[in-house]
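Chains as they are written, first to last, in this note's numbering: chain A, 1 to 286; chain B, 1001 to 1128. Comments concern the structure below.
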C-alpha cells in the first residue's frame, strides 16, 4: 500500500528543476498532493514518497527509527540530483525537519520550503497530561501509549475537517493516533536537526500557522534564528492550523512557495522571475 | 495454617511510610505491567484505554521514584548507608530498559521490567 501512495509529477519535456516533498508524521503523500500539483503546474517536476513505516499497518510505524526516515529521504534526494540541475526540498511537520536535516548535510540543496516545522510538541491540542511525556518517552511505556488524534485534526476549515474525520473512519489504514514511539523518534530527529541547523546554507521559506494545534510557532522561529542561510523568510499564517497545505490558506501557501522557488531558480519562466523579499514583517515582529 | 492478620497489621503499621509506599507502588506497577502486556496485542486499537493506562502507570512510576528517594534519604540520615545505596539502582532501571527496548521485543522487555519490580519488592519486604 505504501508504494501506491507515492506520487511523481514529471513533465514530458526535460525539466531541469525538481521538488522533493516530504509528508508529516503519521501522514502520507496524499496530504502533499495538492501542493505537488500546484508546483507541477508552475513548471517543477515533483516527487513525494511514503516515509518508512507510513502508509501501511499502524504496527510498522512503531518499528521504524528516525535514521530510517533520514536514510530513505536522502536516497531519494541523491537520486534526483543525478537527474536534475536544481533540486529543492519541501516538507510539512516532520517532513520539514527532514528537509532541513538533509540540507544541513548537502550544501547543494537549492532551497527549502519548511511548513509547520515540528521541532517541539507544544501545540494547543497536546493533552493536559503532557508533562508525563519524558517519563513515557524514555521508558517501555512508549510502546504502549499513543496520543489520540482528536478534533480539529490539524484543520481550521470545518467542512474539510468533517471530510477528513469521515475518511479516517472509513480508511482502516489511516492512523488516528500518534504512537509515542514515533514521537520519540521524531524528537530524536528534531534534536539532531537543531544541532545541525547552523549548517543549513540553502535559502529557506518557513510558514507556520499562528494557531497550530500540534506544534507552536516556536519551532519555525527557532529555525529562522539558527539556520545558516543568508536568504530566509518566515511567514505566520492567520487562518490555518497544522495542515497548512490543506487548510484555508493553502492557495497562499502554494503561491508563496512557487514565488520563492522561482526567485531562486535559473530556469524560472521570465514572468515568474521576481525577487522575493528577504525576511518578513512577521519574522521581525516576534 | 493460621494467619494472624492483627499481627501482620501491627507489623505494617510499624513500617516507615516510605517503605509502605515502595511496597504498594511496586505491587500496583507489577499488576499494571501484567495487564498492559496482556492487553497490548489484544486491544491495540483501544487508544483511549492505553492513553489513560499510560498516565496511570506514569503516576505510579512517579510515586515509586519519590518513595525510593524518600526511603534512601531517610536511611542516609539514620546512618544506614547500605540501605540508602541499594534502592536508588531501581530509579535508573526503567530508563535503562526503555533505552534498549524495541517494539519487536516489547514483551521481553516488559518481562524484564516486571522482574526488576519483583526484585525491588522482595528487597523492600526484606527490610521488614
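No residue lacks a Cβ here, since even glycine has one placed at the ideal position from N, Cα and C. Fair warning: this is a prediction, and the values are worked out from it, not measured in the lab.
In DSSP terms, what residue 318 (chain A) is bridged to: The structure shown does not extend to residue 318 (chain A), since chain A is modelled only from 1 to 286, so the question has no answer here.
Under the three-state DSSP convention, the category residue 235 (chain A) falls into: Residue 235 (chain A) sits at position 235 when you count from the first residue of the first chain. In the structure shown, residue 235 (chain A) sits in a strand (DSSP, three-state: E or B).
Short check: CB of residue 119 (chain A) to CB of residue 219 (chain A), under 8 Å? By one-based count along the first chain, residue 119 (chain A) stands at place 119. By one-based count along the first chain, residue 219 (chain A) stands at place 219. In contact: residue 119 (chain A) and residue 219 (chain A) (Cβ atoms closer than 8 Å).
Boundaries (first-last residue) of the alpha helix (DSSP H) holding residue 135 (chain A): Translated into the one-based positions of the first chain, residue 135 (chain A) becomes position 135. Note, residue 135 (chain A): alpha helix (DSSP H), 133-138.
Can you pull the chain A residues whose beta carbon is under 7 Å from the beta carbon of residue 1055 (chain B), in chain order? Along the second chain, one-based indexing puts residue 1055 (chain B) at 55. By Cβ distance, chain A contributes 129, 132.
Would you check if the distance between the CB atom of residue 1123 (chain B) and the CB atom of residue 1069 (chain B) is smaller than 8 Å? Within the second chain, numbered from 1, the residue matching residue 1123 (chain B) stands at position 123. Within the second chain, numbered from 1, the residue matching residue 1069 (chain B) stands at position 69. Contact: no.
Cross-chain neighbours of residue 62 (chain A) in chain B, by beta carbon under 7 Å: To locate residue 62 (chain A), count along the first chain from 1; it is residue 62. 1103, listed in chain order.
Are the C-beta atoms of residue 136 (chain A) and some chain B residue less than 8 Å apart? Counted from its first residue, the first chain places residue 136 (chain A) at position 136. By this cut-off, residue 136 (chain A) is an interface position.
Can you find a CB in chain B that lies within less than 8 Å of the CB of residue 57 (chain A)? One-based indexing of the first chain puts residue 57 (chain A) at position 57. No, residue 57 (chain A) lies away from the interface with chain B (no Cβ there is under 8 Å from its Cβ).
Check whether the Cβ atoms of residue 53 (chain A) and residue 7 (chain A) lie closer than 8 Å to each other. In the first chain, counting from the first residue as 1, residue 53 (chain A) sits at position 53. In the first chain, counting from the first residue as 1, residue 7 (chain A) sits at position 7. Taking 8 Å as the Cβ cut-off, residue 53 (chain A) and residue 7 (chain A) do not qualify as a contacting pair.
Identity of the residue in A:30, A:47, A:32, A:22 nearest residue 15 (chain A) by Cα: Counting from one through the first chain, the residue named residue 15 (chain A) turns up at place 15. Selected option, being the one with the closest Cα: A:47.
Verify the CB distance criterion: does residue 148 (chain A) have a CB-CB separation below 8 Å to chain B? On the first chain, position 148 is the one that residue 148 (chain A) refers to. Yes, its Cβ sits closer than 8 Å to a Cβ of chain B.
Length at least 4, wholly inside the segment 1077-1102 of chain B: the alpha helix (DSSP H) runs in chain order: 1081-1086, 1089-1100
Per-residue contacts from residue 5 (chain A) into chain B (C-beta, under 7 Å): Reading the first chain from its first residue, position 5 is the one you call residue 5 (chain A). Near residue 5 (chain A) there are no residues of chain B at all, since even the closest Cβ is about 21 Å away, more than 7 Å.
Report the rounded CA-to-CA distance for residue 107 (chain A) versus residue 237 (chain A), giving the unit in angstroms. By 1-based counting over the first chain, the position of residue 107 (chain A) is 107. By 1-based counting over the first chain, the position of residue 237 (chain A) is 237. Each residue's alpha carbon lies about 29 Å from the other.
Is DSSP giving residue 284 (chain A) helix, strand or coil here? For this step, residue 284 (chain A) is matched to residue 284 along the first chain. Confidence is the limiting factor: at residue 284 (chain A) the pLDDT is only 42, short of 50, which leaves the residue's position unreliable and the question unanswerable from this model.
Helix, strand or coil at residue 21 (chain A) according to DSSP, with G and I counted as helix: For the purposes of this step, residue 21 (chain A) is taken as the residue at position 21 of the first chain. Correct three-state label for residue 21 (chain A): strand.
To which residues of the same chain is residue 9 (chain A) closer than 6 Å at the C-beta, ignoring the five residues directly before and after it? By 1-based counting over the first chain, the position of residue 9 (chain A) is 9. Excluding residues within five positions, the ones whose Cβ falls inside 6 Å are 36, 40, 46.
Strictly below 9 Å CB to CB, what residues from chain A border residue 1106 (chain B)? Mapped onto the second chain, residue 1106 (chain B) falls at position 106. Those within 9 Å of residue 1106 (chain B) in chain A are 62, 140, 143, 144.
Residue 261 (chain A) to residue 85 (chain A), Cα distance in whole Å? By 1-based counting over the first chain, the position of residue 261 (chain A) is 261. By 1-based counting over the first chain, the position of residue 85 (chain A) is 85. Approximately 14 Å between the Cα atoms of the pair.
Is there contact between the segment 90-97 of chain A and the segment 111-128 of chain A, where contact requires at least three CB pairs shorter than 8 Å? yes
Near-chain A residues of the segment 1079-1105 of chain B (beta-carbon distance less than 9 Å), N- to C-terminal order: 1094, 1095, 1097, 1098, 1099, 1101, 1102, 1103, 1104
Is DSSP giving residue 76 (chain A) helix, strand or coil here? Walking along the first chain from the start, residue 76 (chain A) turns up at place 76. Note: residue 76 (chain A) maps to helix in three-state DSSP.
Straight-line gap, residue 258 (chain A) to residue 1109 (chain B) (C-alpha atoms, nearest Å): In the first chain, counting from the first residue as 1, residue 258 (chain A) sits at position 258. In the second chain, counting from the first residue as 1, residue 1109 (chain B) sits at position 109. Their Cα atoms are separated by approximately 49 Å.
For residue 83 (chain A) and residue 267 (chain A), what's the separation of their Cα atoms in angstroms? In the first chain, residue 83 (chain A) corresponds to position 83, counting from 1. In the first chain, residue 267 (chain A) corresponds to position 267, counting from 1. So the two alpha carbons sit approximately 15 Å from each other.
Give the residues of chain A in contact with residue 1051 (chain B), contact being defined as C-beta atoms less than 9 Å apart. Indexing the second chain from 1 puts residue 1051 (chain B) at position 51. Residues of chain A passing the Cβ test: 127, 129, 145, 146, 147, 148, 177.
Buried or exposed: where does residue 104 (chain A) fall if 16 or more other Cβ atoms within 10 Å of its Cβ makes it buried? Start at 1 with the first residue of the first chain, and residue 104 (chain A) comes out as number 104. It counts as buried.
How many angstroms separate the CA atom of residue 173 (chain A) from the CA atom of residue 1094 (chain B)? Numbered from its first residue, the first chain carries residue 173 (chain A) at position 173. Numbered from its first residue, the second chain carries residue 1094 (chain B) at position 94. Interpretation of residue 173 (chain A) is limited by its pLDDT of 48, a score under 50 that renders its predicted location unreliable; the figure taken from the coordinates is listed afterwards. Going from the Cα of residue 173 (chain A) to the Cα of residue 1094 (chain B) covers about 32 Å.
Determine the DSSP secondary structure at residue 268 (chain A), reduced to helix, strand or coil. The residue you call residue 268 (chain A) lines up with position 268 of the first chain. Residue 268 (chain A) falls in the coil class under three-state DSSP.
To which residues does DSSP link residue 48 (chain A) through a beta bridge? Here residue 48 (chain A) corresponds to residue number 48 of the first chain, with the count starting at 1. DSSP lists A:7, A:21 as partners of residue 48 (chain A).
Shorter than 8 Å from the beta carbon of residue 229 (chain A) to some beta carbon of chain B? One-based indexing of the first chain puts residue 229 (chain A) at position 229. For residue 229 (chain A), the answer is no, since every Cβ of chain B falls outside 8 Å of its Cβ.
Would residue 203 (chain A) and residue 264 (chain A) be called neighbours here (beta carbons separated by less than 8 Å)? Residue numbering aside, residue 203 (chain A) sits at position 203 when the first chain is read from its first letter. Residue numbering aside, residue 264 (chain A) sits at position 264 when the first chain is read from its first letter. Going by C-beta atoms, residue 203 (chain A) is nearer than 8 Å to residue 264 (chain A).
Taking 8 Å as the cut-off, decide whether the C-beta atoms of residue 111 (chain A) and residue 129 (chain A) are in contact. Within the first chain, numbered from 1, the residue matching residue 111 (chain A) stands at position 111. Within the first chain, numbered from 1, the residue matching residue 129 (chain A) stands at position 129. Cβ distance not < 8 Å, so residue 111 (chain A) and residue 129 (chain A) don't count as in contact.
Pair every Cβ in the segment 140-148 of chain A with every Cβ in the segment 205-212 of chain A, then say whether three or more of these pairs are closer than 8 Å. no
Buried versus exposed, by CB contacts within 10 Å (16 or more), residue 1073 (chain B): Taking the first residue of the second chain as 1, we reach residue 1073 (chain B) at position 73. Exposed: under 16 other Cβ atoms inside 10 Å.
Between residue 1032 (chain B) and chain A, is there a C-beta pair that is closer than 8 Å? Along the second chain, read from residue 1 onward, the residue named residue 1032 (chain B) stands at position 32. For residue 1032 (chain B), the answer is no, since every Cβ of chain A falls outside 8 Å of its Cβ.
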